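From first to last, the protein sequence lines stand for chains H and Z.
Counting along the first sequence from 1, when you hit position 313 you're at 560 in our numbering, and nothing is skipped either side.
Counting along the second sequence from 1, when you hit position 172 you're at 419 in our numbering, and nothing is skipped either side.
Below is one structure, written out as structure tokens; the observations come after it.
2 protein chains.
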Amino acid sequence: MKVILSEPFTNGWVVNIIGLASDEPLWRRVGLRKRIGIIGAGTAGLHLGLYLRQHDVDVTLFTDRRPAEYRGLRLLNTVAHHAVTVDREIALGVDHWPTDAFGYFGHYYYVGAKPEPLRCYGDYHAPSRAVDYRIYLPRLAEDFLERGGKVEYRLVKSSDILALSQRFDLMVVCTGKGAFGQLFPVEPAYTPFDRPQRALCVGIFKGIAQREPRRAVTWYASPGAGEMIEIPTTTFNGMQSALVIENIIGGDLEILAQVRYDDDPRAFLDLLLGKLRKHYPDCAERIDEREFDLANGPLDILQGGVTPTVRKSHVKLADGKLAVALGDLHVTVDPVLGQGANLASHAAVILGEEIVRQDVYDERFMEHVDRRRNDRVLGAHLWTNFMLTHLEALEPELSLLLKKVAQHRELADVFTDNFNYPERQWDCFASVERMHAWCESWLGETVGRESRADDGDRHAPPGHPAAEPDLGRAAGARAG
Amino acid sequence: MKVILSEPFTNGWVVNIIGLASDEPLWRRVGLRKRIGIIGAGTAGLHLGLYLRQHDVDVTLFTDRRPAEYRGLRLLNTVAHHAVTVDREIALGVDHWPTDAFGYFGHYYYVGAKPEPLRCYGDYHAPSRAVDYRIYLPRLAEDFLERGGKVEYRLVKSSDILALSQRFDLMVVCTGKGAFGQLFPVEPAYTPFDRPQRALCVGIFKGIAQREPRRAVTWYASPGAGEMIEIPTTTFNGMQSALVIENIIGGDLEILAQVRYDDDPRAFLDLLLGKLRKHYPDCAERIDEREFDLANGPLDILQGGVTPTVRKSHVKLADGKLAVALGDLHVTVDPVLGQGANLASHAAVILGEEIVRQDVYDERFMEHVDRRRNDRVLGAHLWTNFMLTHLEALEPELSLLLKKVAQHRELADVFTDNFNYPERQWDCFASVERMHAWCESWLGETVGRESRADDGDRHAPPGHPAAEPDLGRAAGARAG
């Protein structure tokens, strides 16, 4: 069959093809090895790199830290990996800290302070796990190298990216270092704050007894002062407790983000103990004051703040190729709900899947990536911002919901497990109507009516012990 | 366990609850019967209504047409239902025209005109079907009534919606009648045109022989003049041929949208026959000129134009409830690629699923609806607009792709079946790089290179007969 096409078009096109071919056009990569450059070796960069190596993609990671350096660094952060992230780690072949030994199984909640806080417990469907990133990140970096990943050890700056882009089909940026925040503009619609909403004091401490027999996070709120998350965390000297102390600016606890441990360790610890006794007594009660200190030494503490920010998911570089923002650089969440690393991992594996599935890395490519990653990523961001603003004075709609969570173990379990699925949590918190409807949908029609809310006490045993986990039930669920 | 909440909050909240309850708050519907109002009884409204009736939702449909009136109406449109839509009809229990008797199996393509057009054939994975909507819509309206759906026969106007909204938890609007276009603002980013891109002449004709033995659509393009789709369509007097004649404004065929059949039927038919012989000779050759006429009479023709438009997916009414745009009111596509009804059905069932799944119909509800429906709906819209603009002069990148489709049966099959999946088609057409990569991905690395493109002739038999469908192979695929 002879095909008639008007000659000028055909010729113009062929010239165009040849022109493109000499410049390695975007479509050359079909059937050839894809070449991806990743700037930043945190959870986002490593999970993406490991995923791509599983699919024979040529990956180069740029980082200024060699694996051996991590041991001597200041605490990087305190990060919970929920079961959805652990599942990804199992799939990536990097589950070096199996949850049966290193995991924890749910959340205790203590909301409010004296005379009696709202207390309850909820289970996950499967355990979460926290490992000190000074241990976690270099171990995964070694996995990446062993599996044929390339690493270039240098600090890459925003101004270097165009030169690097020539070597790759796609650049992925997942570090705040190097002024990359300037490359990816802020999305104003999703960025209501221009400053941190909490003054953070984050450390790993020894001398806090783990809860027995069931390891769990404890999540505290002291309305008007702040929140605290106590996370069983594996660090250099074993299982210790990370305290993520989130302090309301101008409140009684803000000082914890200002006083320096290094200036006078004993004074700092005494200050902290006093504040814990006042605001988070359940934690203070489990502290052996003689042993209480930073777990490994003076580098185990981090103070500062995080401005919740969403940036544009990608930019087009001057060479026509895209640079994609991943992890914290794309969406920075306050750590109050422990979502950051889970979002980074979620987004990294979706980006990896789309890099493997698609052949052209253009705007349409990013439509697929964003469509798949954004409901969870933005849901976590919006939910975290909601909690930051509504916990500050314990707004009435939030009070009512947390009261129901405390009264009904079903709700506490769902609420807790949804830390794995922040988009489902946002389905609950996105409006006052949703907060009511969510309770009703789990408890049935009658219980949800305010006039009958106390009927629900069949689920909420009277007194403190009953708010403890039902271990038999939880263990059964785990075995299933 | 006693929960201490500060009294002002609790009291304030209870008052608020009572206040809401008397106004039927959004969350009242949990566990109760949901009440949905649908304005418009086309494919979108009927598929949504039927889906909701399958799930015991209380649905009221507003339409100004009783089932018995359809028989006497002018042709409504000419609509292909692709296999994905037929599958939905089977699930809805309204597959009254099974495709083994009423369906067709693929597309013939004739692109270009004399001396020799680019010709080829591609198969669907499963048949499509076209039934005159004057038969289809009243039949489904009867199904809806039989299944407990309520219908109110009256013309609802945009200004009526707030009063209606009080009776329902959610209003869905899927009609252009009643000035609803004013309620839902146009999305400028997706609406590049302010007028129709083709002058349409659409009719159902008798006297055109169906292709034997394999029924199929024929899709024609006459660069500079327009496009035509010939669709085997079941109408009142059996299987006839719908001709969707899309005419470039100012071109040789525009007159077909202007001359009135009613003024002089013979003159109109002669004009049409002359234009078909010149621009679409393959169709003209199958016409028995003595029998050639509108299939059922002078109402079987429709002339006009469609401005491709995307409107905001929902608006908040003054009572705080949402009105959702569905079907053509949300996204109006030109019929050149036969996507409209398929998008309407796709979006309708997704909206139905979310109405059943969720309990609060707010902005978050719409985020889920839009996230699920928009890739296909907007993909079809963008692909259709791309084809309208690039077919006009048969732009070189489109020429090259269509040439490859004509040369390689694999590509023709994929291209044809993707009429079911316009988002996949848009994955191919969204950029020049994608058009190349798409061909390469289906044909393998070597064939895609321009220098070797003719290697592919093993797939493209030399001459006209070989461009006909491989019936054995296609039948085998159908049986599987």
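Built from N, CA and C at the ideal position, the CB exists for glycine as well.
These numbers come from a predicted model, not from an experiment.
Checklist entry - With distances taken from CA atoms, which of H/291, H/308, H/483 is nearest residue 282 of chain H? => result H/308
Checklist entry - So with Cβ pairs under 8 Å, would you call residue 327 of chain H a contact of chain Z? => result no
Checklist entry - In terms of residues, what are the limits of the alpha helix (DSSP H) holding residue 444 of chain H? => result Counting along the chain, residue 444 of chain H falls outside any alpha helix (DSSP H), and DSSP gives it neither H nor E.
Checklist entry - Roughly how many whole angstroms lie between the Cα atoms of residue 294 of chain Z and residue 573 of chain Z? => result 11 Å
Next on the checklist: For residue 625 of chain H and residue 636 of chain H, I'd like the C-alpha separation in whole angstroms.
Outcome noted: 17 Å
Checklist entry - When we look at the beta-carbon of residue 444 of chain Z and count the other beta-carbons within 10 Å, is it buried (16 or more) or exposed? => result buried
Item to check | In DSSP terms, what residue 561 of chain Z is bridged to | outcome: Z/571
Checklist entry - Using a beta-carbon distance cut-off of less than 8 Å, what residues from the stretch 667 to 683 of chain Z approach chain H? => result 673, 674, 677, 678, 680, 681, 683
Checklist entry - Quick one: does residue 688 of chain Z have its CB under 8 Å from some CB of chain H? => result yes
Next on the checklist: Alpha carbons only, please: which of Z/377, Z/604, Z/589, Z/582 is nearest the one belonging to residue 479 of chain Z?
Outcome noted: Z/377
Checklist entry - In chain H, what lies closer than 7 Å to residue 606 of chain Z by C-beta? => result 684, 688
Checklist entry - Is the CB of residue 620 of chain Z under 8 Å away from at least one CB in chain H? => result no
Checklist entry - Out of curiosity, what's the CA-to-CA distance linking residue 542 of chain Z and residue 665 of chain Z? => result 30 Å
Next on the checklist: Which residues does DSSP list as the beta-bridge partners of residue 485 of chain H?
Outcome noted: H/482
Next on the checklist: Is there a C-beta anywhere in chain A that falls below 8 Å from the one on residue 611 of chain Z?
Outcome noted: You won't find chain A in this structure, because its protein chains are H and Z.
Checklist entry - Per DSSP, residue 550 of chain Z forms a beta bridge with which residues? => result Z/448
Next on the checklist: Please report the distance separating the alpha-carbon of residue 703 of chain H from that of residue 654 of chain H.
Outcome noted: Low confidence applies to residue 703 of chain H: its pLDDT is 34, below 50, so where it sits in the model is not reliable enough to give any reading.
Checklist entry - Considering only residues of the stretch 336 to 413 of chain Z, which uninterrupted beta strand (DSSP E) runs meet the minimum length of 3 residues and lie entirely inside it, listed in chain order? => result 350 to 358, 365 to 376, 397 to 400
Checklist entry - Since residue 646 of chain Z is in the beta strand (DSSP E), which residue starts that stretch and which ends it? => result Element bounds for residue 646 of chain Z: not the beta strand (DSSP E) but the alpha helix (DSSP H), 643 to 654.
Next on the checklist: Just to confirm before moving on: does the CB-CB distance between residue 289 of chain Z and residue 591 of chain Z stay below 8 Å?
Outcome noted: yes
Item to check | Unbroken alpha helix (DSSP H) run spanning residue 306 of chain H, endpoints | outcome: Taken as a continuous stretch (DSSP letters only), residue 306 of chain H belongs to no alpha helix (DSSP H), being part of the beta strand (DSSP E) at 305 to 310.
Item to check | The alpha helix (DSSP H) enclosing residue 631 of chain Z, as first and last residue numbers | outcome: 610 to 639
Item to check | Those residues which DSSP pairs with residue 282 of chain H across a bridge | outcome: H/305
Next on the checklist: For residue 404 of chain Z, which residues in the same chain have their Cβ closer than 7 Å to its Cβ, ignoring the five residues on either side in sequence?
Outcome noted: 425, 426
Checklist entry - From what residue to what residue does the beta strand (DSSP E) around residue 506 of chain H run? => result Per DSSP, residue 506 of chain H belongs to no beta strand (DSSP E) and is neither H nor E.
Next on the checklist: Looking at the strands, I want to know which residues DSSP matches up with residue 466 of chain Z.
Outcome noted: Z/356, Z/476
Checklist entry - Using the rule of at least 16 other Cβ atoms within 10 Å of the residue's Cβ for burial, across every protein chain shown, is residue 339 of chain Z buried or exposed? => result buried
Checklist entry - In terms of residue numbering, what span does the alpha helix (DSSP H) encompassing residue 523 of chain H cover? => result 512 to 526
Checklist entry - So, do the stretch 369 to 387 of chain H and the stretch 397 to 413 of chain H have three or more beta carbon pairs nearer to each other than 8 Å? => result no
Checklist entry - What's the C-alpha gap between residue 558 of chain H and residue 422 of chain H? => result 13 Å
Next on the checklist: Using a Cβ-Cβ cutoff of less than 6 Å, which residues in the same chain neighbour residue 529 of chain H once the five nearest sequence positions on both sides are dropped?
Outcome noted: 357
Item to check | Integer-rounded CB distance, given that residue 599 of chain Z should sit under 8 Å from residue 414 of chain Z | outcome: With 8 Å as the limit, residue 414 of chain Z and residue 599 of chain Z do not qualify as a contact, their Cβ atoms being about 19 Å apart.
Checklist entry - If we count the other Cβ atoms within 10 Å of its Cβ and call it buried at 16 or more, is residue 688 of chain Z buried or exposed? => result buried
Next on the checklist: Here's a check: name, in chain order, each residue in its chain whose Cβ is nearer than 7 Å to the Cβ of residue 313 of chain H, leaving out the five neighbours to either side.
Outcome noted: 400
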